[in-house]
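For reference, the structure is listed below as structure tokens.
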Amino acid sequence: MRLETSRIYRPTDKEPFMNERQREYFRNKLLAWKEDILREAKETLQHLQDENQNHPDLADRASSETERAIELRARDRQRKLIAKIDAALQRIEDGTYGYCEETGEPISIKRLEARPIATLSLEAQERHERRERVYRDN
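Read left to right, the sequence shown gives residues 1 to 138 (full-length UniProt numbering).
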């Protein structure tokens, strides 16, 4: 039901920013994303348990361990992503979702569509990345 609604409605810049309909749209988008990640995590866990067999061949064992390490790293990134999704859902609840943490200005709908967990406007994100690059290069 939720996904059907999100296919019909698309937020635009022509309506009041972060009105109830937009908040509900992004809440549903975030919840669906979180459900997908949790389902994938469950599948990965099942795969890792099924794969947990003793490989007599050293090359097979090494290959299996490498795959396992890659999957576990991916799961760790997904766990961090879930924390960001939960934080975005909390911002929807407290009324701060969609506004730049640095400037307080609205984050564009286009940016939120592409990255619903965004906390910075595109301009603020670019400034942040430039500062990071300067520190990294020094």
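Note that beta-carbon positions come from the ideal geometry of N, C-alpha and C, so glycine has one too. These numbers come from a predicted model, not from an experiment.
(request) Using DSSP bridges, identify the partner residues of Tyr9. (result) Per DSSP, Tyr9 has no beta bridge partner at all.
(message) In this structure, how does DSSP classify Tyr99 when only helix, strand and coil are distinguished?
(response) In the three-state reduction of the DSSP assignment, Tyr99 falls in the strand class.
(request) Look at Ala118 and Ile107 and say whether their C-beta atoms are less than 7 Å apart. (result) For the 7 Å CB-CB criterion, Ala118 and Ile107 form a contact.
(message) Among the candidates Tyr9, Arg133 and Ala32, whose CA atom is the shortest distance from the CA of Leu89?
(response) Out of Tyr9, Arg133 and Ala32, Ala32 has the C-alpha closest to the C-alpha of Leu89.
(request) Since I believe Ile85 is in contact with Leu30 (beta carbons under 8 Å), could you give me their beta-carbon distance rounded to a whole number of angstroms? (result) Taking the Cβ atoms as the reference, Leu30 lies roughly 5 Å from Ile85, within the contact range of under 8 Å.
(request) Decide if Pro11 is buried, meaning its Cβ has at least 16 other Cβ atoms within 10 Å, or exposed. (result) With 16 or more other Cβ atoms within 10 Å, it is buried.
(message) I need the boundaries of the alpha helix (DSSP H) containing Leu58, first residue and last residue.
(response) Under the DSSP assignment, Leu58 falls in the alpha helix (DSSP H) whose first and last residues are Leu58 to Asp94.
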